Amino acid sequence: MAQFVREVMTAGVAAVRPDASLVEAAQLMRAQDIGDVLVARDNQLIGVLTDRDIALRAVADGVDPLTVSAQAVCTPAPVCVGPDDEVSTAVTLMRQHAIRRLPVVEDGLPLGVVSIGDLAEFQDPQSALADISRAAPSAGPGTGA
């Protein structure tokens, strides 16, 4: 049974530059079928941008997503875990901060993300959340499917 974050995290990083537009970030999320991207400068994490951030901090305010940067809307200095932290540490941080995703960072370098879905699959592979996390995405508008 996995005990460390590196054993349950989703490895690899989907990241955008701080000056990337929200459209660019959203297109990357769609292409990667993910709900967040890391905002990084020179391979150093500076924030996390979620689809919810884009909707609530930009679109709901009527701003032009082509002209607003990822850095302007992202959550700066996000709560993070290291790859050698225990899974229980990730669970505790998610509960304490009411967050669904934690960047996995080592020496400032983002390595991946551990999500509530990753933890659900680890702790109870038969749970509804684990099933949803494993499910293939459905085709939506603009996907061509």
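Going by the numbering used here, the sequence shown opens with residue 76, and the numbers climb by one from there. All C-beta atoms, glycine included, are put in the ideal place defined by N, C-alpha and C. In this text, all values refer to a predicted model and were calculated from it rather than measured experimentally.
Point to revise | leucine 120 beta carbon less than 8 angstroms from that of proline 158 | key: For proline 158 and leucine 120, no; Cβs fall outside 8 angstroms.
Check your understanding: For the beta strand (DSSP E) that serine 190 lies in, which residues bound it at each end?
Key -> Element bounds for serine 190: 184 to 190.
Point to revise | Member of Ala100, Gln107, Asp94, Val98 whose CA lies at the smallest distance from the CA of alanine 86 | key: Per the Cα distances, Gln107.
Point to revise | Beta-carbon proximity list for glycine 183, same chain, < 6 angstroms, skipping 5 on both sides | key: Counting only Cβ-Cβ distances below 6 angstroms, and skipping sequence neighbours, we find Gln119.
Point to revise | Reference valine 83; option with closest CA among Arg176, Val162, Met169, Thr167 | key: The shortest C-alpha separation from valine 83 is found at Val162.
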